[in-house]
Amino acid sequence: FVEALEGFADKNYHVIMVTGEVHYDKINNQITNLEKSLPNVSVFPYIKDMPQLFQNVDLVVCRSGATTLTELTALGLASILIPSPYVTNNHQEANARSLVDQGAASMILEKELNAQTMLAEIDHILLDSHKKEAMADSAKKMGITDASSRLTNMIHEMM
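In structure tokens form, the structure reads like this:
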């Protein structure tokens, strides 16, 4: 993804990249050493209040673990999913396909991932407000926003 960041230099996007603690220093140094200045790119090792951040984003680019997809659908966020090929039984690709099949996300397989495909897909979604809104609406329709109430009711019924 670092290779794609230079492509954001001339775009009117604010990119927030969350690296994880392990990769933060390396990626932050790579970005600092790029030829182009990237004032519209912010890099963080960790985000403490992800729900707050998600309230202010137009598009999420991320892996496709079950918990992440639950958050994306509950909040109705358009997304580009990049399933990790290193999980058991390729679960992340299956997770991603469930959203893609409903029009709630797009997917780039890791073997197809490069700066050009990443930037093209981001542009495809962000420059087409109808596409972005349709994805967000589809994601929202898939979301379960009352899971805690449902669970509480199930527990009460069992008692």
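One rule links them: number in my numbering = place in the sequence shown (from 1) + 1.
Even for Gly, the Cβ is constructed at its ideal location relative to N, Cα and C.
All values reported here derive from a predicted model rather than from experimental measurement.
Q: Compare the C-alpha of I28 against each of E36, P40 and V3 and name the closest.
A: V3
Q. Based on the DSSP output, what are the partners of F45 in its beta bridges?
A. V19
Q.
Between which two residues does the beta strand (DSSP E) holding I81 run?
A. S80 to L82
Q. Do three or more CB pairs link the stretch 144–160 to the stretch 125–134 at distances below 8 Å?
A. no
Q | Spatially closest choice to E72 from F55, L82 and Y87, by CA coordinates | A | F55
**Q.** Where the beta strand (DSSP E) containing V3 begins and where it ends
**A.** From DSSP, V3 is part of no beta strand (DSSP E) but of the alpha helix (DSSP H) over V3 to L6.
**Q.** Inter-residue spacing [alpha-carbon to alpha-carbon] between M18 and H24
**A.** 11 Å
Q.
Rounding to the nearest angstrom, what Cα-Cα distance links D138 and Q103 in this structure?
A. 10 Å
Q: Quickly, what does DSSP pair V62 with across the bridge? List them, please.
A: I81
(Q) For L78 and D50, I'd like the C-alpha separation in whole angstroms. (A) 16 Å
**Q.** Bridge partner(s) assigned by DSSP for S107
**A.** I81
Q. When DSSP labels each residue in this structure, what does N34 get in the three-state scheme?
A. coil
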